[in-house]
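> One point on numbering: in our numbering, the residue at position 12 of the sequence shown is 20, and numbering is uninterrupted. All C-beta atoms in this analysis are idealised placements derived from N, C-alpha and C, irrespective of residue type, glycine included.
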Amino acid sequence: MVKPSKQIIRPYGDRRDDGMVQLSFTLPVPLSEKAKEAAAQFTKKMGFTDVKVAAAERAADQYTFFVVYARSAVSLDYAEIDVPEVVVRKMGFNDLNALIKEKVGRRIVVFGACTGTDTHTVGIDAILNMKGYAGDYGLERYPGFEAFNLGSQVPNEDLIKRSMAKHADAILVSQVVTQRDVHKDNSRQFIDAAKAAGIHGKTLLLLGGPRVDHKLALELGFDAGFGAGTKPSDVANYIVHAVLKKEGKESQDSHYQGEPT
């Protein structure tokens, strides 16, 4: 395999490759000139130069929030970065439904929920609810899908049990709360439960959330991951093409990059 040529990159501020970055952080000290100097010294200790404290605001009693501009000498070879990602040639609403009818021959069953203690349904609602968001229809709007949105705080085992009862093709797990990596812990627990139920590797298992990407999802044991900015049609297209591939009816319109081997 031909190794790609190097592509050295650095941050861009006022001019290309000047190494300028913007940082923001909070220190447990009251707002003062001394606090600003502390922020500058903290930034320098991280290896930055040409440090400028652009903003400092009281965040709470004995806490100050800072915005700092600084220069970094660090560069990296962009050509060496290899990150798995979901790449699917998207089809429109009508074409995708026609493909389901022609190639799958039945409605694709999808279950979704915010599991564990997570109460934030905005993500799973955007993907599954009929209205979708930003003019992009949710899966409930597709004639080719039978979608079930179980809402929030659903125990992992309950989601799996109800999905199995309907012979679901795919399960969507939404994790919005990320403090102390609770989204990772709960996702691992879901995968453990899926393995115990015998559906891991059989039912499509998808993970979504603001701190989720395809790489993390694969590491946790899911088939795919979808992060911030994902539209319902992205998920719909992925599921359809994955079901076709599973059934040996893969469409020429599907393409996957970075799949686990």
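1. Looking only at DSSP bridge pairs, what is Glu65 linked to?
2. Could you give the uninterrupted runs of the alpha helix (DSSP H) lying entirely in the region 115 to 159, keeping only those of 4 residues or more?
3. Can you tell me whether Ala250 is buried or exposed, with buried defined as 16 or more other CB within 10 angstroms of its CB?
4. Here's a check: name, in chain order, each residue in its chain whose Cβ is nearer than 8 Å to the Cβ of Ala178, leaving out the five neighbours to either side.
5. Which same chain residues end up closer than 6 Å to Pro268 when comparing Cβ atoms and leaving out the 5 residues on each side of it in sequence?
6. Between which two residues does the beta strand (DSSP E) containing Val29 stretch?
7. Looking at the secondary structure, which residues open and close the beta strand (DSSP E) in which Phe234 lies?
8. Mark Phe198 as exposed unless 16 or more other C-beta atoms lie within 10 angstroms of its C-beta, in which case mark it buried.
9. Rounded to whole angstroms, what's the CA-CA distance from His263 to Arg97? Just pull it up for me.
10. When DSSP labels each residue in this structure, what does Asp25 get in the three-state scheme?
11. Counting pairs of Cβ atoms below 8 Å between the region 98 to 109 and the region 52 to 60, do you hit three or more?
12. Using alpha carbons as the reference points, say which of Thr127, Ser160, Gln30, His208 lies closest to Phe230.
13. With three or more beta-carbon pairs closer than 8 Å as the criterion, would you say the region 33 to 49 touches the region 79 to 88?
14. Closer than 8 Å, CB to CB, is Lys98 near chain D or not?
15. Which of helix, strand or coil does DSSP assign to Ile108?
16. Pull up the CB-CB distance for Gly159 and Thr129, whole angstroms please, since I reckon it's below 8 Å.
17. Alpha carbon to alpha carbon, what distance is there between Phe73 and Glu41?
18. Given Glu154, which residues of its chain have a CB within under 6 Å of its CB, disregarding the five upstream and five downstream residues?
19. Let's see if you can read the secondary structure: which residues bound the beta strand (DSSP E) around Ala178?
20. Quick one, which of Glu65, Glu255, Glu88 has its alpha-carbon nearest Ala43's?
21. Do Ala63 and Val75 count as a contact pair if the criterion is CB distance below 8 Å?
22. Can you tell me which of the three DSSP states His275 falls into?
23. Tell me whether Asp221 sits in a helix, a strand or coil according to DSSP, three-state version.
24. Sort Asn157, Gly206, Thr238 by Cα distance to Val220 and report the nearest one.
Inspection of the coordinates gives the following:
1. Phe73
2. 130 to 136
3. buried
4. Ile116, Val117, Val118, Phe119, Thr211, Leu212, Leu213, Leu214, Ile247, Ala250, Val251
5. Because the pLDDT at Pro268 is just 36, under 50, the model does not fix this residue reliably, and the value given afterwards should be weighed accordingly. Counting only Cβ-Cβ distances below 6 Å, and skipping sequence neighbours, we find Leu226.
6. 28 to 35
7. 232 to 234
8. buried
9. Only weak support exists for where His263 lies, its pLDDT of 46 falling under 50; the coordinates are left without a value.
10. coil
11. no
12. His208
13. no
14. This model lacks chain D altogether, as it is built from one protein chain only.
15. helix
16. 6 Å
17. 13 Å
18. Arg115, Val117
19. 178 to 182
20. Glu65
21. yes
22. Residue 275 is absent from the structure shown; the chain starts at 9 and stops at 269.
23. coil
24. Thr238
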